[in-house]
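Its first residue numbered 1, the sequence shown is counted upward by one per residue in full-length UniProt numbering.
Heads up, the beta-carbon is just placed ideally off N, CA and C, and yes, glycines get one too.
Here the structure comes first, spelled out in structure tokens, and everything after it is commentary.
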Amino acid sequence: MGGPKRPEQERVEEILATAYGIALADGLDAVTARRVATAAGISPGLVFFHFQSKDGLLLALLDVLLDGTLDALTAPGLAALAPWDRLERMVRGELERLAEYHAGVELLFAFYFSRRDDLFRSRIESSFGRYLEAFLPVCREVAAAGSGQDGIQGSASGSGGIQGRATGDDLAATIVALIQGASIQAIRAPAAFDPEALLATMQAFRPPSD
């Protein structure tokens, strides 16, 4: 299957986009070099040239899914916000992305649960760890306010306490668990998934402004 030559990076992106479409439609097992090549109008040899093996192709596809997961959490404009406002903005952004990209989230879960070997699992676990770490600074700031500075009463402990009962690290773990649970909701019933309802519940725990 010939055709005009195209820049290598453009060809790689086309192959990955084709593989993504096949995975969404028919699952990860359907992503083979032959099927991707046929759908992309290229030779299987060209797929192997760029990715060496089926696992290589799937790993590259996984990287596409994981790429950019921290972008919304590290946007420059967040730094100017007060801690609670920053945390709410970060959570809102993540929930809205779940609503928009639930199919991609479902594919990420498929990688996690169907490809259990370390080749895939360790990469996902590492990404999950960085995701938690992205929430730690703001959650520690929110929790530190629990010492009485911003209306949340209670003694600070560890990385800061909220009403004397939880640390900033506890809060970050809870926020990430909320988002991961919300991702299941977005996959199961995307039409009914309501980020605003989850945000309203979170806002109920926000202390009153001075």
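Proximity to residue 188 across 145, 11, 99 peaks at 99, based on C-alpha coordinates. Ranked by Cα distance from residue 177, the options 91, 22, 70, 46 are led by 91.
With contact defined as three or more Cβ pairs closer than 8 Å, the stretch 119 to 130 and the stretch 31 to 42 are not in contact. The C-alpha of residue 192 lies about 20 Å from the C-alpha of residue 109. Closest option to residue 137, judged by alpha-carbon separation, among 46, 56, 179, 167: 167. With a threshold of 16 other beta carbon atoms within 10 Å, residue 195 meets it and is buried.
Annotation: the continuous alpha helix (DSSP H) that includes residue 174 extends over 168 to 188. Note on residue 183: 16 or more other CB atoms within 10 angstroms of its CB, so buried under the neighbour-count rule. By the neighbour-count criterion, in which 16 or more other beta carbons inside 10 Å mark a residue as buried, residue 140 falls on the buried side. When C-alpha distances from residue 127 are compared across 83, 69, 170, the shortest belongs to 69. When only Cα atoms are considered, residue 21 and residue 15 end up about 10 Å apart.
Cα atoms of residue 172 and residue 18: separation of roughly 36 Å, rounded to the nearest angstrom. In its chain, beyond the 5 residues on either side, 78, 81 have a beta carbon closer than 8 Å to the beta carbon of residue 89.
Relative to residue 55, the option among 7, 95, 185, 29 whose CA is nearest is 29. Distance from the CA atom of residue 133 to the CA atom of residue 112, rounded to whole angstroms, is 20 Å.
Note on the stretch 67 to 124: whole alpha helix (DSSP H) runs with a minimum of 4 residues are 83 to 100, 102 to 114, in chain order. No residue range can be given for residue 32, since it is assigned to no alpha helix (DSSP H) and is classified by DSSP as neither H nor E.
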